[in-house]
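**Q** Just so we're aligned: 11 in the UniProt record's numbering is position 11 of the sequence shown, and the numbers increase by one with no gaps anywhere.
Glycine is no exception: its CB is placed at the ideal position from the N, C-alpha and C atoms.
Computed from a predicted model, the values in this text were never measured in an experiment.
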Amino acid sequence: MTSIKNPASHEEQAYSTRFVRCRSTVERCIGLLKGQFWYLLKHRTMHYMPLTAAIIIMACAVIYNIALLYNVENPPEILDDIDLEPVPPPLLPSADMMLR
Numbered sequence: 001m002t003s004i005k006n007p008a009s010h011e012e013q014a015y016s017t018r019f020v021r022c023r024s025t026v027e028r029c030i031g032l033l034k035g036q037f038w039y040l041l042k043h044r045t046m047h048y049m050p051l052t053a054a055i056i057i058m059a060c061a062v063i064y065n066i067a068l069l070y071n072v073e074n075p076p077e078i079l080d081d082i083d084l085e086p087v088p089p090p091l092l093p094s095a096d097m098m099l100r
């Protein structure tokens, strides 16, 4: 679904206005969920069928709202060890570099 680019009637204008407002609300919601549930940010590709993805997002929204209701604090940031690249050891200064 998209908004009507050049609405010709009052009805089309009303539809476009409501559509843009709704889309903005949905995008803010998705942004909040991505901030809370790192899994939603992990991969930029869809690994699930659309229905399954919708169920996952709905479950995240329910959990988020329950956490708000009961004033649950955000957990500390969890790092996914699999995605971390090994850090190379620091280079030891050579004798030439130490003279400079």
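(1) Less than 8 Å between C-beta atoms, sequence neighbours within five positions excluded: which residues of the same chain meet that for Ala14?
(2) DSSP three-state call for Met49: helix, strand or coil?
(3) Here's the rule: buried if 16 or more other CB atoms are within 10 angstroms of the residue's CB, otherwise exposed. What is Cys22?
(4) Please classify Leu32: does DSSP put it in a helix, a strand, or coil?
(5) Alpha carbon to alpha carbon, how far is Ala59 from Met1?
(6) Given this structure, state the Cα-to-Cα distance separating Ile57 from Ser9, to the nearest angstrom.
(7) Return helix, strand or coil for Phe37, following the three-state DSSP convention.
(8) Does the pairing of the region 15-35 with the region 47-56 give three or more beta-carbon distances under 8 Å?
(9) CA-CA distance, Ile82 and Lys34?
**A** So, to answer that:
(1) Along the sequence shown, one-based indexing puts residue 14 at 14. Only residues of its own chain outside the window of five on either side were considered, and among them none has a CB closer than 8 Å to the CB of Ala14.
(2) Taking the sequence shown and counting its residues from 1, the one referred to as residue 49 is at position 49. Looking at Met49 - three-state DSSP - the assignment turns out to be coil, as it is neither helix nor strand.
(3) Position 22 of the sequence shown, counted from the first residue, corresponds to residue 22. So Cys22 ends up on the exposed side.
(4) Residue numbering aside, residue 32 sits at position 32 when the sequence shown is read from its first letter. Three-state DSSP puts Leu32 in a helix.
(5) Here residue 59 corresponds to residue number 59 of the sequence shown, with the count starting at 1. Here residue 1 corresponds to residue number 1 of the sequence shown, with the count starting at 1. Roughly 24 Å separates the two Cα atoms.
(6) Within the sequence shown, residue 57 is the residue found at index 57, counting from 1. Within the sequence shown, residue 9 is the residue found at index 9, counting from 1. Taking the straight line from one Cα to the other gives about 35 Å.
(7) As a position in the sequence shown, residue 37 is number 37, starting the count at 1. Here Phe37 carries a coil assignment [DSSP, helix/strand/coil].
(8) no
(9) By 1-based counting over the sequence shown, the position of residue 82 is 82. By 1-based counting over the sequence shown, the position of residue 34 is 34. Note that Ile82 scores 49 on pLDDT, short of 50, meaning its location in the model is unreliable; the coordinates nonetheless yield the value given after this. When rounded, the distance between both Cα atoms is 19 Å.
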